[in-house]
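Quick notes on the structure that follows.
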Amino acid sequence: MEKLNIVEGKAYPFGMKNVDTDIVIPAHWLKTISRAGLGRGAFEVLRKEPGNVFDDPAYAGSPILIAGDNFGCGSSREHAAWALADLGIKVVIAPSFSDIFSGNAFKNGILTVVLPQEAIDRLLEVARTDPIHVDLEHQTVTTRFQDRFQFEIDPFRKHCLLGGLDEIGLTLDQADTISAFEAKDAGARPWLVPAVA
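Residue numbers (my numbering): 5 to 201.
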């Protein structure tokens, strides 16, 4: 997982409420176990509509998505987070998220920021013309117009995102502690140590 701290750039001014994971990535994309290429299927149904924000060249490659309340509801498909990541989205800002989606996003290196609706409305307005700045370390979302919104995040999730630590990374981060325990345990219970052939 890549480290995440400062994310700045254009943001998709999406704002739709109750976007379920089937809207994020339709079911027929779930046949793959590869994450590569899922960005093509992200918001596929909405992209069939002319003038949709996801195919607007003004927002191409935006690392931030500003969404509405209850984003990521519906089924627990992790492919939704994979599709967003493949689309290049590193941060989703909304008034609330489905717990399962929020967990899947975190495990895939995507920061979910919860802000009140008034802040979302302001960010939707700014995103139409100017970049948004997200600072995970200081837990702020700011704009060049002096807007400053503070957000909360679980300290463990913050630590993992800042360090780029997934489950494997967390385990490797404790390699010295694990080795010390194994050496101590081998001395205390030598009958459990397998013989070397």
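Note that the Cβ used here is the ideal one computed from N, Cα and C, for glycine as well.
Inset, instruction - Look at the alpha carbon of glutamine 154 and the alpha carbon of arginine 51, and state the distance between them as a whole number of angstroms. - result: Going by the C-alpha atoms only, they are around 32 Å apart.
Inset, instruction - Can you grab the Cα-Cα spacing for the pair valine 11 / isoleucine 93, in whole Å? - result: A straight-line Cα-Cα distance of about 10 Å links valine 11 and isoleucine 93.
Inset, instruction - Would you identify the three-state DSSP class for glycine 13, choosing helix, strand or coil? - result: In the three-state reduction of the DSSP assignment, glycine 13 falls in the strand class.
Legend entry - Runs of beta strand (DSSP E) wholly within the stretch 113–175 (minimum 3 residues, chain order): If only uninterrupted beta strand (DSSP E) runs of at least 3 residues are considered, those enclosed by the stretch 113–175 are 115–118, 136–139, 144–146 and 152–154.
Inset, instruction - Kindly say whether proline 198, judged by its beta-carbon, lies nearer than 8 Å to any beta-carbon of chain C. - result: Although the question refers to chain C, the structure presented lacks it and comprises just one protein chain.
Legend entry - Helix, strand or coil at leucine 8 according to DSSP, with G and I counted as helix: In the structure shown, leucine 8 adopts coil according to DSSP, grouped into three states.
Legend entry - CB contact flag (valine 28, alanine 84, <8 Å): Yes; because the gap between Cβ atoms is below 8 Å, this pair is in contact.
Legend entry - alpha helix (DSSP H) segments (min. 4 residues) lying fully within the stretch 21–49: Runs of the alpha helix (DSSP H) lying entirely within the stretch 21–49 and spanning at least 4 residues, in chain order: 25–28.
Inset, instruction - May I ask you to list the residues that DSSP assigns as paired with alanine 98? - result: Answer by DSSP bridge pairing, in chain order: Val118.
Legend entry - Cβ-Cβ distance between valine 118 and serine 100 below 8 Å: Taking C-beta atoms as the reference points, valine 118 and serine 100 count as a pair closer than 8 Å.
Inset, instruction - Compute the Euclidean distance between the alpha carbons of histidine 32 and valine 57, then round it to the nearest angstrom. - result: Using only the alpha carbons, I get a separation of about 22 Å.
Inset, instruction - Look at aspartate 4 and lysine 111 and say whether their C-beta atoms are less than 8 Å apart. - result: Residue 4 lies beyond the residue range present for the chain, which begins at 5 and ends at 201; the question has no answer from this structure.
Inset, instruction - State the beta-bridge partners of phenylalanine 185 as determined by DSSP. - result: In DSSP, phenylalanine 185 forms no bridge with anything.
Legend entry - Where the beta strand (DSSP E) containing isoleucine 70 begins and where it ends: Annotation: the continuous beta strand (DSSP E) that includes isoleucine 70 extends over 68–70.
Legend entry - Close beta carbons around proline 30, own chain, < 7 Å, minus the five adjacent residues each side: The residues are Gly45, Glu48 and Val49.
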